[in-house]
Each structure stands twice: as structure tokens, then as C-alpha cells.
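**Q** In our numbering, the protein residues as written are 312 to 414. Provided herewith is a single structure, encoded as C-alpha cells, for subsequent inquiry.
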């Protein structure tokens, strides 16, 4: 199992991406976290923006499809797409993730 992270500027976009990923069985669960503050450099300028973080729970085998979906449906020119391996997942949760993804 992996957790994929991305950020969006609007909660509505995060919810839309989350629903698309879950309905398409690309993710078992997507959490859209409350607005946070992101400070980063973009086009030579330091930016200070509010964003929502999405935590996408999926299988490593689904990552390419998740990445493709995010690139096709995300409003950012260059969206953050970071995948982290889960070093531990309880048996019951992993079973649920697998069943949710129809693997």
C-alpha cells in the first residue's frame, strides 16, 4: 500500500478529485484535509498560499493510473504528486483497501 499526496487551492476541487479517484477504484480512501499554509518558490517568486492536502490511500500497482488521473484533472500546471510507501498497515485495513480497489 502507498499514500499519495497532492495539494489543491480549493476544497471543492479536492472533493471532486477524491470522488473521481474512489469512484474509479483508483483509491480506497482519500482524505481532504482542512486548509493549511504552503510556502514555496514558483516562477522565481516566493509564494504564500492556502491549500488543502489530499491523502490518497491506494495500492502501488495503481500509482501510474492515479498519477495519470491527477495530471488530467488537476487545475495546477505542475501538481504535487508524491507517493510514500506504507511501512506498516494493519491486516484488516489492508484487506479493506485491497477489496475496495478490486485487486
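Ideal Cβ positions, reconstructed from N, Cα and C, are used throughout, including at glycine.
What residues in its chain sit with their C-beta under 6 Å from that of residue 359, if we drop five residues either side in the sequence?
**A** The answer, listed in chain order, is 350.
**Q** Applying the criterion that 16 or more other CB atoms from any shown protein chain within 10 Å of the CB defines a buried residue, is residue 357 buried or exposed?
**A** Result: exposed.
**Q** Quick check: the Cα distance between residue 269 and residue 389, rounded to an integer number of angstroms?
**A** With the chain running from 312 to 414 in the structure shown, residue 269 is simply not present.
**Q** Pick helix, strand or coil for residue 351, following the three-state DSSP scheme.
**A** The answer is strand: DSSP assigns residue 351 an E or B state.
**Q** Can at least three beta-carbon pairs, one atom from the stretch 324-337 and one from the stretch 388-402, be found at a separation below 8 Å?
**A** In short, these stretches do not touch, since the Cβ pair count stays below three.
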